[in-house]
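Structure, as structure tokens:
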Amino acid sequence: MPPRLNIPPVTRVVLVVLLLQSVLSAAVRYRQWSAHSEIVVEWLTLIPQLSLFYPWTFLSATLVENNIFTLGIALLTLYHGGKYLERAWSSREFAKFLLVASLIPNTLTFLVLVTLFTITRNEDWTLMTIAGTIPLQISFLVAFSQLVPAHTVTLFRGVLSMRVPRFPLIYIGVVTILSITPLLTSASLLLAIFGLLASWTYLRFYKTVFPDLDSSQPTSLRGDASETFAFAEFFPGPLKPFVAAITDQIFNLLVAMRICTPFSQADISAAAQGGNFVQRSGHGGVRAEAERRRALALKVLDQRLHAATAGSSSAGRSQSNPPSQPSGPTISTQPQPNTQAAMTSQPNTVLGETNYNPDQDHIEKGDD
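When we follow our numbering, the leftmost residue of the sequence shown carries the number 1, and every step to the right adds one.
Here is the structure:
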């Protein structure tokens, strides 16, 4: 029996769409290829001057790669990163994250290219192709920095070790170098920068988080107020104070413009407790969240059973007092005066009595 690929639904759809659109774009460019002109697919990729009549390209351009090298990297990134994040967050939250990480960087890059054209009057800016999974790839690195901030990756048999939050800036450096080559365009650097900013802002301030079972925080908390996910954590130690000072000023400006909201005391206390959220769990994997959901279901079931037991006990107390006469059957025996006298003097000890009164038993023991 061939091995079965267990891929979550959203990740599976994204992989299929990426492969189909990339092959379609390559086929169109191959058929219309000319040595004297550059072929673009304006109805599939985002081109500022040509794609205004195709608004879906603001989203579809993210899942189009123009060469086999970047396509292979994109497929590996979406396969492994998508499986991890979708199982850690749920399909719905992962789909929302993909939408934010795709639409916002493409839109901002589009606006920057139009602005550069307005300043320089150079049409090359508006004819530049905006496409590729670069914003998704750097967004995955940002998400991993939130889920496993203390994890260290060791490369080359221990020669090089670095924490996960260092990878987004390294990725931007690699994209900067490759944008000089024919593999990537100049728009790729803008996509990487805006992808970092958009994904971090969404995870920091807007994404819904779920408290752990032992936490008393409400389920409507949003964002991540922990210090380990501050924007300065992406930078080396000597640069952190300067970056923190700048980002604090930007944050205060965004709060004044009502774009961001300051963290409440509940958010700060929840982040200070550490490990109280499903997405910030120590393991950060599927098994930990499955255990939490199972424990949550058991907790709800236990509460319902206690409520049902309390209701039945209160109903039993509201019933009428038990009869004073013995409930057992009448037994005819030979006359035994001593036994009859004892039974007459103590009617509560007759065989068949089922009532038990703790208070009465305590009083009788006191009298003895």
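Note that beta-carbon positions come from the ideal geometry of N, C-alpha and C, so glycine has one too.
In this text, all values refer to a predicted model and were calculated from it rather than measured experimentally.
- Leu24 and Asp302 have their C-alpha atoms spaced approximately 55 Å apart.
- Glu93 and Val40 have their C-alpha atoms some 33 Å from each other.
- Counted as a single uninterrupted DSSP element, the stretch harbouring Arg163 is not any alpha helix (DSSP H) but the beta strand (DSSP E) occupying residues 160-163.
- When beta bridges are read from the DSSP output, Ile130 appears opposite Leu46.
- Here the C-alpha atom of Ile259 lies approximately 24 Å from the C-alpha atom of Ser145.
- Of the candidates Asn6, Pro8, Thr62, Leu20, the residue whose Cα lies closest to the Cα of Thr129 is Thr62.
- Of the candidates Ser34, Ile73, Ala143, Ala143 places its Cα closest to the Cα of Tyr84.
- Inter-segment contact for the region 38-57 and the region 108-119 is present: three or more beta-carbon pairs are separated by less than 8 Å.
- Just so you know, the alpha carbons of Thr261 and Val10 end up roughly 30 Å apart.
- By a beta-carbon distance limit of 8 Å, Val243 contacts Phe235. Their separation comes to about 5 Å.
- Across the structure, Phe53 and Lys96 are spaced so that their CA atoms are roughly 25 Å apart.
- A distance below 7 Å between beta-carbons, with the five flanking residues on each side excluded, links Leu254 to the following residues of its chain, in chain order: Cys260.
- Leu98 is a Cβ neighbour of Val14, given a cutoff of 8 Å.
- Taking a C-beta distance under 8 Å as the contact criterion, Ile246 and Gly195 do not qualify as a contact pair.
- With contacts defined as CB atoms closer than 8 Å, Arg166 and His151 fail to qualify as a contacting pair.
- In the DSSP assignment, Thr107 falls within the alpha helix (DSSP H) that extends over 91-120.
- Cβ contact annotation for Glu86 (same chain, cutoff 6 Å, sequence separation greater than five): Pro8, Val10, Thr11, Phe94, in chain order.
- The alpha-carbon of Gly223 is positioned some 7 Å away from that of Val209.
- When beta bridges are read from the DSSP output, Arg222 appears opposite Thr208.
- In the structure shown, Ser34 falls within a strand segment according to DSSP collapsed to helix, strand and coil.
- Beta-bridge pairing by DSSP links Leu155 to Leu160.
- Non-local beta-carbon contacts of Leu190 in its own chain, meaning distances under 7 Å to residues more than five positions away in sequence, involve Thr109, Val112 in chain order.
- Rounded to whole angstroms, the separation of the alpha carbons of Thr154 and Thr126 is 42 Å.
- Burial check for Gly132: the Cβ neighbour count within 10 Å reaches 16 or more, so the residue is buried.
- Excluding residues up to 5 positions away in sequence, Leu50, Ser51, Tyr54, Thr57 lie with their Cβ nearer than 8 Å to the Cβ of Glu42 in the same chain.
- Of the candidates Val28, Thr115, Gln21, Leu59, the residue whose Cα lies closest to the Cα of Leu71 is Gln21.
- With contacts defined by Cβ atoms closer than 8 Å, Ser102 and Leu160 do not form a contacting pair.
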